[in-house]
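The number in the working numbering is simply the position in the sequence shown, starting from 1, with 132 added.
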Amino acid sequence: MINVNIPRTEQQRIIIVGGGFAGLNLVRKLSKNSNFQVVLIDKNNYHQFQPLFYQVAMAGLEPSSIVFPFRKLIQKTTNCYFRMAEIEAIDVDKKLLQTSIGSIAFDKLIIATGVDTNYFGNIELEQNVIPMKSVSEALYLRNIILEDYEAALIETDHEKRQHLLDIVIVGGGPTGVEVAGALAEMKKYVLPKDYKELNEEQIDIYLLQGGDRILDGMSASSSAKAELYLQNLGVKVCKGSYVSTFDGKTVTMKNGTTYSAKKVIWAAGIAGKKINGIPETAYVRGNRIKTNEFHEIVDMPNCYALGDIAYIQSDQLPYGHPQVAQVAIQMANNLAKNLINNTHNPFEYKDLGSMATIGRNAAVVDLKRMKLTGFIAWAMWLFVHLFSILGLKNKLFVFINWVWNYLTYDQSLRLLIRPRRKG
Ligand SMILES: Cc1cc2nc3c(=O)[nH]c(=O)nc-3n(C[C@H](O)[C@H](O)[C@H](O)COP(=O)(O)OP(=O)(O)OC[C@H]3O[C@@H](n4cnc5c(N)ncnc54)[C@H](O)[C@@H]3O)c2cc1C
């Protein structure tokens, strides 16, 4: 296998695979230290801000507002390199990382590849549902929604039209709830203006949740409030509903109930992708990689795992830390400190709270000492997300879009842009 061309220096070479919240935060910290040569590997050449994918899917934001090119980020550094590649295998003994563009030697290796959509081995589901784990999938969803509205306008058969209009969302976590709320607002505010001939009252939006409440990672009062907000927007929240399969036309539940819809958005599960060279014993539930509290992968010297893919065993958290941005960021901060100062400080997660938005002036926020709902919670959600987006230009564009949408009750991005079809 060819060696990837990266100058070898006296510096300690740290390879970081994955430029998400964890990987990127680590790059930023380590790139300030001249003892290290930092090599970032990612299958894309940009960082994606996942919490706002649903707004791209609902035509509220441009994809370019929520992604940030890695090369721009490392422009001013002298010890940082980026290579666009996919990880293929790790040779721990030779300290060699194999990627789709060749092999690279490392002194230390950090795996921060995040997680992917989990279809629980159901091929039919995988082929027919729409996931939302990348900006391209969000854009795909936007196109499908708009295409189906166009098709519904010319469809004369009631049942077929209904099939094009109804949407099923599977998974009542923050992603499912936010998508359901945004779709319901689109139905309420946009459809009557854009598709006057369609009767928006006929559109059904279902949110299917396996457990007995939505937002089950938040407090019971927040989940009840979120459900009320969704119901007020006309979303049909179905709890205790486990999907068995979806054949592209009908969603079949484990209890035999069926829903007819062409579009099923899958926000019901995530799992990591296994990497050759990481021993089977290092994997736990959801293909997360087991590490100690210093982020070191068990039985793999000089290799670390951070973020969604990492699982730190602890009695308090038998299922690991929540797979959210704050955990990824705080893990990266802790590892950066340990690497820079040559220390061994264990990871301690500081829970800053959790939040979800349902629509305009409607959100829920759980903080340590208080719970917020309504406009204050919604304003806080906007502020936190705006603050977290990378790049001043992106922040500005997102802010302008939000203000515009808020004042006009309209989104300006309902464009159906598709790749050119050959032939
Ligand atoms: C739709 C959605 C909404 C969310 N909303 C919220 C929210 O509101 N608040 C919150 O705290 N969290 C939210 N999350 C979760 C949050 O985004 C994750 O916890 C966080 O992104 C984890 O960071 P990470 O660095 O571990 O992985 P990621 O951010 O997923 O980054 C992984 C990186 O690795 C790269 N990569 C993956 N596989 C390979 C490979 N084989 N080779 C090379 N590179 C690879 C990817 O391209 C990506 O850049 C949301 C997630 C989704 C999907």
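Quick reminder that beta carbons are idealized off the backbone N, C-alpha and C, glycines included.
For I532, the closest alpha carbon among the candidates L193, F153, R345 and L158 is that of L193. Residue nearest to F168 within the set E317, W536, L471 and I299 is L471 (criterion: CA-CA distance). With at least 16 other beta carbons inside 10 angstroms of its own, L297 counts as buried.
For K422, the beta-bridge partners assigned by DSSP are Y443. Boundaries cannot be given for E142, as no beta strand (DSSP E) includes it and DSSP labels it neither H nor E. Within 10 angstroms of the beta-carbon of E310 lie 16 or more other beta-carbons, which makes it buried. Residue environment for E359: buried (at least 16 other C-beta atoms within 10 angstroms of its C-beta). Taking the Cα of I490 as reference, the smallest distance to any Cα among H427, A312 and S235 is reached at A312.
In the DSSP assignment, the residues bridged to R215 are I173. Contiguous alpha helix (DSSP H) elements confined to the segment 174-244 occur at 185-189 and 202-206, taking only those with 4 or more residues.
Counting along the chain, D379 sits inside no alpha helix (DSSP H), nor does DSSP assign it H or E at all. Not a single heavy atom of ligand 1 lies less than 8 Å from the C-beta of G304. Listed in chain order, the non-local C-beta contacts of D440 below 6 Å within the same chain comprise G246, V247 and Q455, local neighbours out to five positions each way being set aside. At a threshold of 8 Å, K405 counts as near ligand 1, since its beta carbon sits closer than that to one of the ligand's heavy atoms.
Straight across, the Cα-Cα distance linking K357 with D498 is about 12 Å. Taken atom to atom, the span from the alpha-carbon of A189 to that of T210 is near 37 Å. Taking 8 Å as the upper bound for CB-CB distance, F529 and S163 are not in contact here, some 26 Å apart.
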